[in-house]
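Below: the structure, in structure tokens.
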Amino acid sequence: MKIGELADRTGVSVRALRYYEEKGVLRPDRTAAGYRIFTDADVRTVSHIQRLLAAGLGMDLIGQILACLSGDTLLLDACRERLEAERRRITGDIDQLVHTRSLLDDLLATTRAPARRSA
DNA sequence: CTTCTTACA
DNA sequence: TGTAAGAA
């Protein structure tokens, strides 16, 4: 399928799709006229990209993670290391957020204002 | 009409 | 990422 159809089927803009290719996470074939040709597998790949992007990962890392999903067993170990490193990173982020939340909870508990009446 | 590339009030 | 411009 051409880029327009992939865009429709994924809800991702044509612009973003071309950007993903530029980043190497998508490698569509080209027609003689230079049109990008995507496969059905690319529809799923784009879904993965969306999830990873939503998780706060950068395109660089996403490219590496997607490479793991491509089933290249020779790179599997290296891929696992990357994924484990990212897992540790987000765990740190989560800890930070939990800490910040408790800080806000304390603040809210000590700044509770008296009930207001309607104006 | 759709896609391509390049570039940026 | 959007959008504009010129070409295919």
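Under my numbering, the very last position in the first sequence is 119; numbers go up by exactly one each time.
Positions of the beta carbon are idealized from the N, C-alpha and C atoms, including for glycine.
These figures come from a predicted structure and were not determined experimentally.
Identified DSSP bridge partners for residue i
i, result
"I90", "Note: I90 sits in no beta bridge, so no partner."
Proximity winner among the options, relative to residue i (alpha-carbon distances)
i, options, result
"L66", "L57, R18, V25 and A32", "V25"
"D60", "E21, L103 and M1", "E21"
"Q50", "Y35, A41 and I62", "I62"
"L53", "A33, A16 and A115", "A16"
"R137", "L57, A32 and D77", "Residue coverage of the chain in this structure runs from 1 to 119, which leaves residue 137 outside it and unanswerable."
"A33", "A55, K2, C79 and R101", "K2"
"T39", "L6, H99 and A55", "L6"
heavy atom of the ligand NAP below 7 Å from residue i C-beta
i, result
"G4", "For the ligand NAP, the structure offers nothing, since it holds no ligand at all."
Rounded distance between the beta-carbons of residue j and residue i, thought under 8 Å
i, j, result
"P28", "D42", "7 Å"
Exercise. Quick check: the region 41-56 against the region 2-15, are there 3 or more CB pairs under 8 Å?
Worked result: yes
Exercise. At which residue ranges does the region 14-52 contain complete alpha helix (DSSP H) runs of 4 or more residues, listed in the order of the chain?
Worked result: 14-22
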